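Input: a single structure, listed below in structure tokens.
There are 2 protein chains.
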Amino acid sequence: MSGKRMGRQTVMLEHPPSIVGHACVVGHKEGEGPLAATFDFISQDDSFGERSWEKAESAMQRLALSTALSKAGLSPTALDYVLAGDLLNQCIGTGFAVRGQDVPFLGLYGACSTMAESLSLAAMLLDGGFANHAAAMTSSHFCSAERQYRAPLEYGGQRPPTAQWTVTGSGCIILADTGPGPCVTHVTTGKIVDKGIKDAANMGAAMAPAAYHTIKTHLEETGRKPSEYDLIVTGDLGQLGRDIVADWFRRDGVELNNLSDCGTLIFDLEGQDVHCGGSGCGCSAVVLAGLLMRGMREGRWKRLLFCGTGALLSPTSTQQGESIPSICHAVALEVGR
Amino acid sequence: MSGKRMGRQTVMLEHPPSIVGHACVVGHKEGEGPLAATFDFISQDDSFGERSWEKAESAMQRLALSTALSKAGLSPTALDYVLAGDLLNQCIGTGFAVRGQDVPFLGLYGACSTMAESLSLAAMLLDGGFANHAAAMTSSHFCSAERQYRAPLEYGGQRPPTAQWTVTGSGCIILADTGPGPCVTHVTTGKIVDKGIKDAANMGAAMAPAAYHTIKTHLEETGRKPSEYDLIVTGDLGQLGRDIVADWFRRDGVELNNLSDCGTLIFDLEGQDVHCGGSGCGCSAVVLAGLLMRGMREGRWKRLLFCGTGALLSPTSTQQGESIPSICHAVALEVGR
Chain V
44 MSGKRMGRQT VMLEHPPSIV GHACVVGHKE GEGPLAATFD FISQDDSFGE
94 RSWEKAESAM QRLALSTALS KAGLSPTALD YVLAGDLLNQ CIGTGFAVRG
144 QDVPFLGLYG ACSTMAESLS LAAMLLDGGF ANHAAAMTSS HFCSAERQYR
194 APLEYGGQRP PTAQWTVTGS GCIILADTGP GPCVTHVTTG KIVDKGIKDA
244 ANMGAAMAPA AYHTIKTHLE ETGRKPSEYD LIVTGDLGQL GRDIVADWFR
294 RDGVELNNLS DCGTLIFDLE GQDVHCGGSG CGCSAVVLAG LLMRGMREGR
344 WKRLLFCGTG ALLSPTSTQQ GESIPSICHA VALEVGR
Chain Z
44 MSGKRMGRQT VMLEHPPSIV GHACVVGHKE GEGPLAATFD FISQDDSFGE
94 RSWEKAESAM QRLALSTALS KAGLSPTALD YVLAGDLLNQ CIGTGFAVRG
144 QDVPFLGLYG ACSTMAESLS LAAMLLDGGF ANHAAAMTSS HFCSAERQYR
194 APLEYGGQRP PTAQWTVTGS GCIILADTGP GPCVTHVTTG KIVDKGIKDA
244 ANMGAAMAPA AYHTIKTHLE ETGRKPSEYD LIVTGDLGQL GRDIVADWFR
294 RDGVELNNLS DCGTLIFDLE GQDVHCGGSG CGCSAVVLAG LLMRGMREGR
344 WKRLLFCGTG ALLSPTSTQQ GESIPSICHA VALEVGR
């Protein structure tokens, strides 16, 4: 076993890569939520000036990437890799965003876990000596997701109470091999977990077991107690999924007082009519690149476990009666190392 | 710049990971082609005993993975990572194949470049010290691809002469940090190239510029001449795309006598009515895991450049009038190091 391996799923980075740039771009509704002050750009026009929702999603990614690079004081040619993906069929939100960027590109699909997956791989590529700078990025768009996964917006379908609201947003993180931090110190890569949930309008319940499994494994393999993190943040289980994770830990005799979820943070659950909260690749991405990065830089949180959760279903698999395979990747972030 | 970096897109692996297992599983038509003797398993039933084409694709991946592990003498629990993806919306071929495998999973989307992308990332994770064993895997299925990308099979649509035939197959490569080879020595990660081709029935022409760009960059950054490779094999440009790449090099004054393409190798282009050749993630995967691995082990080729090509379009992007962004990742393989 390699010296960097702490167990079956966790690696420790010997030279923790530093986050040197981060940016988040959101739509109108997100800009009316409680995290408005943490976003770099709030568009009043969810089309982002484009002629389709899919092109709008690419426009968001381009803006997130250029803003993050600008904040890092880097040009795109300084990037050794962009690792990115999104929820659209064939990840076209990403493909058309990265086109013309003149950067080596590695496409990912991790559903809503993509921000954590891209950050994991970017951190390992840097720590492994393959890159000096890399970008991790993802996006989602309420309108492109509704059309693709559910029904056209014009249909006006009812949403059950367990449903979540796909965030219109894109987040981008720039990692460098050296820097003042926050740093990526550990990566726990998830296994697929499927407890048989078949309701595609209840993804929080489908993904909660994966989050529980990855967080538990991370704590066991690193030998850390939950209290050693200032915040353990899943993304995006929503209210119901978050409560399931807390409940499962409680049954183990562990009270996770520091557990939060990007899907519950981004919206006012009561006031914004989003039922269980936010979802979509963009949700955890913009909360990470906004609230969480600001909080770490301002000293509010010193050590944080970012746990991206993804539901690996498709409309076709649901139509074929399949349950929902889910995954959660955890990334430990720390300031002052 | 890191010591492993040879240029903007190429890294050299200090401890070249070794391919210790490889397997390929194909359908009926592929089993009637010229590479029949190189496949591990040829199914006479393209449903692979499943009730949908999508589930058949997952069944192929599971069989490819278990066969490759068995040939490597490893259990799934020996794997530190599975890196895999496919062409289906939300990569469900892969998600449902990896479910239940009890292995940390990183999902990728690189369209038909996924075999090269997964091999690239697996090799870097091993060389970086993050893993001892990793699997790189992908699949495609003619019937699931036709339904999703074109029209239901029952429709019996005409295919233009530039069209390619999606391979029904899955290939899996197991990499280890040590072993007798063949080894992965260099990885050249592609940039997205888009020369404005909009015809989704002519992906060879769309992807050829990406292949040309990546091969040229690889040769420049490694300082190697084309003749230092026994074989440069793209996958899967088909006949037309392959000829475009050869022609572009010819204009540079370089005669690529050793250029071949997985899409032209896998079928009898005249006799099997496949027009320009094979395509799909599974095409380059099964040619690599079959013909190319056997040829390297038998001493037919000592040094090989495997160049996976992918077209990052979707039916939606085509309907919106977009051109086809393409990518090519190159992986250098060598025996006797």
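Protein chains in written order, with my numbering: chain V, 44 to 380; chain Z, 44 to 380. Ideal Cβ placement from N, Cα and C applies to all residues, glycine included. Being a predicted model, the structure only gives us computed values, none of them experimental.
- Counting the other CB atoms within 10 Å of its CB gives His176/V a total of 16 or more, which places it among the buried residues.
- CA-to-CA, the gap between Pro223/Z and Gly325/V works out to about 44 Å.
- Judged by pairs of C-beta atoms under 8 Å, the stretch 157-174 of chain Z touches the stretch 115-127 of chain Z, as three or more such pairs exist.
- Assignment of Ser303/V by DSSP, reduced to helix, strand and coil, places it in the strand class.
- The residue among Asn132/Z, Lys72/Z, Gly143/Z, Ser95/Z with its C-alpha nearest the C-alpha of Arg105/Z is Gly143/Z.
- Listed by position along chain V, the residues whose Cβ is nearer than 8 Å to that of Leu356/Z are Gln133, Ile135, Gly138.
- Thr231/Z and Val330/V have their C-alpha atoms some 33 Å from each other.
- The way I'd put it, the stretch 92-101 of chain V doesn't touch the stretch 349-365 of chain V; fewer than three beta-carbon pairs between them come closer than 8 Å.
- Between the stretch 241-254 of chain Z and the stretch 362-372 of chain Z there are three or more C-beta pairs closer than 8 Å, enough to call the two in contact.
- Under DSSP, Phe148/V shares a beta bridge with Val125/V.
- About 5 Å separates the beta carbons of Ala115/V and Ile217/V, which is inside the 8 Å limit, making them a contact pair.
- Interface flag for Asp279/Z against chain V is unset, since no Cβ pair is found closer than 7 Å.
- Counting other Cβ atoms within 10 Å of its Cβ, Asn245/Z reaches 16 or more and is therefore classed as buried.
- Of Ala219/V, Asp311/V, Cys215/V, Ala159/V, the smallest CA-CA separation from Gly74/V is found for Asp311/V.
- Assigned with DSSP and collapsed to three states, Thr181/Z falls in strand.
- Using beta-carbon distances, Thr260/Z does not count as an interface residue toward chain V, since no partner is under 7 Å.
- Its chain contains Cys186, Glu189, Arg190 as the residues whose beta carbon lies nearer than 8 Å to that of Leu196/V, once the 5 sequence neighbours on both sides are disregarded; these appear in chain order.
- Just so you know, the alpha carbons of Lys241/V and Leu280/V end up roughly 16 Å apart.
- Ranked by how close their Cα comes to the Cα of Ser327/Z, the residues Met49/Z, Val54/Z, Val69/Z, Met55/Z have Val69/Z in first place.
- Straight-line measurement puts the Cα of Phe148/Z at about 7 Å from the Cα of Ile235/V.
- Contact check for Ala140/V against Gly64/V fails: the beta carbons are separated by 7 Å or more.
- Under the Cβ distance rule, Gly172/V counts among the residues neighbouring chain Z, one pair being separated by less than 7 Å.
- Under the three-state reduction of DSSP output, Glu365/Z falls in the coil class, being neither helix nor strand.
- The beta carbon of Tyr272/Z sits closer than 7 Å to the beta carbons of Asn301, Arg346, Leu347, Leu348 from its chain, once the five residues preceding and following it are set aside; these are given in chain order.
- Residue environment: Ala79/V is assigned as exposed (fewer than 16 neighbouring CB atoms within 10 Å of its CB, all protein chains considered).
- The straight-line gap separating the alpha-carbon atoms of Thr137/Z and Thr181/Z is approximately 7 Å.
- Cβ neighbours of Ala179/Z within its own chain (closer than 6 Å, five residues either side excluded): Leu126, Ser161, Leu162, Ala165, Ile216.
- Linking Pro60/Z to Gly296/V through their CA atoms gives a straight-line distance of about 43 Å.
- Nearest to Leu376/V by C-alpha distance, out of Arg202/V, Gly342/V, Gly199/V, Gln87/V, is Gly342/V.
- Met167/V: not part of any beta strand (DSSP E); member of the alpha helix (DSSP H) spanning 157-170, first to last residue.
- Here DSSP, grouped into helix, strand and coil, assigns Met336/V to helix.
- Taking Cys67/Z as reference, the option from Gly214/Z, Ala194/Z, Thr53/Z with the minimal CA-CA separation is Gly214/Z.
- Nearest Cα to Tyr192/Z within the set Thr361/Z, Val378/Z, Gly379/Z: Thr361/Z.
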